[in-house]
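In our numbering, the protein residues as written are 177 to 446.
Where is the CB? At the ideal position from N, CA and C, for every residue including glycine.
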Amino acid sequence: MDLLFFCPMWGMADGSLRDMLLKIKQAGYDGIEFGFRPGDPQRETFMELARELDLITIGQQCFAAGKDFASYRESYREHLEWLVSFEPYFINCHTGKDYYSFEQNAALIGIAVEIEKISGVKIVHETHRGTFSFCVAQCGAYLNTFPALNFTADFSHFCTVSESYLEDQQELLVPIMERSHHIHARVGHPQGAQVTDPRLPEWAFAVEKHLAWWDTVVDIGKQKKHRGITITPEFGPAPYMAAAPFTQQPLANQWEINLYMMQLLKSRYN
């Protein structure tokens, strides 16, 4: 089973598009997880550079918005159809809202299923605060209706929403792990979705908890003979990244942390 590592575009604001993609390639990543809003003029340049540098792309839908459900639904479809035009390996999607009804969120998942069938591009739904998949129990409810639902495993959000390391939800977590095809390797804790720095000893317990969950996802992928497991080390910039008061200087380096996570997981799983 292939194990592929992706760099998040999130937080990479400096330099040209070419410089950014070249930096990612030279760092040893297999590809990039990107997000562009519909109509972004960089589309063609991005696709050409990705092909030139032999970088695999994962589209990320996180910008859909609307003042009500109807306008959100329209925006959601527009964003997914736009990302399909990039011909990505697959699309990682923030889907719905935690306050939408079950039926409303199910309708959005149905749109993703429809677009996936028409385009042939797999769409996976990230476990994320504020979306339909904001907590373990909710994911299980949607799996009962959509047994073929696929997830991006970002368990840092579950920790924050439940204010725990899911000690009492391990059995409920298993079906989500079984349907996880992508990992966002960010370490969270009961009071936040990102520890200050996973290299610090005070966060060792949180790191070990997340490593155990990711181990299970990778093991399940091997047992089921998935075509591959993809991992994006996804420590983010401010406000995810802790900053010093008054100066707002970040307390750690996002690029260095994500490189550290990639090397840690490469050595663990290869």
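Asked	Found
Which of helix, strand or coil DSSP assigns to Leu180	strand
Classification of Gly204 by the beta-carbon crowding that lies within 10 angstroms, buried from 16 upward	exposed
Beta-carbon separation (whole angstroms), Phe308 vs Tyr318, contact threshold 8 Å	6 Å
N-terminal and C-terminal residue of the beta strand (DSSP E) that Glu254 is part of	No beta strand (DSSP E) holds Glu254; the alpha helix (DSSP H) holding it covers Phe245 to Val260.
C-beta atoms of Gly412 and Gly235 nearer than 8 Å	no
Beta-carbon gap between Ile352 and Thr303 smaller than 8 Å	yes
Endpoints, beta strand (DSSP E) assigned at Asn320	Taken as a continuous stretch (DSSP letters only), Asn320 belongs to no beta strand (DSSP E), being part of the alpha helix (DSSP H) at Val312 to Thr321.
Close beta carbons around Leu193, own chain, < 8 Å, minus the five adjacent residues each side	Gln218, Thr221, Phe222 and Leu225
Selection from His255, Leu376 and Ile405 that minimises the alpha carbon distance to Asn326	Ile405
Beta-bridge pairing of Glu356 - partner residues as DSSP gives them	One detail in the question is off: residue 356 reads as Ser in this sequence, not Glu. Paired residue(s): Phe327.
Whole-angstrom distance between Ile285 and Glu378, CA atom to CA atom	39 Å
Terminal residues of the beta strand (DSSP E) in which Gly300 lies	Sequence check: residue 300 is Val here, not Gly. Element bounds for Val300: Ile299 to Glu302.
Spatial distance of Gln424 from Ala189 (CA atoms)	17 Å
Residues sharing a beta bridge with Pro426, DSSP	Ala419
Where Glu292 sits in the DSSP three-state scheme	helix
Local Cβ density within 10 Å of Asn268, reported as buried at 16 or more and exposed below that	buried
Presumed contact (8 Å Cβ cut-off) between Arg375 and Tyr436, rounded CB distance	6 Å
Where His365 sits in the DSSP three-state scheme	strand
Distance CB(Gly306)-CB(Asp344) smaller than 8 Å	no
Heavy atom of the ligand PLP within 7 Å of Thr233 beta-carbon	With respect to small molecules bound, the structure shown includes none, and the ligand PLP cannot be examined in it.
Proximal residues to Pro184 (C-beta, below 6 Å), its chain only, five neighbours per side dropped	Glu209, Thr408 and Glu410
Boundaries (first-last residue) of the beta strand (DSSP E) holding Gly207	Gly207 to Phe210
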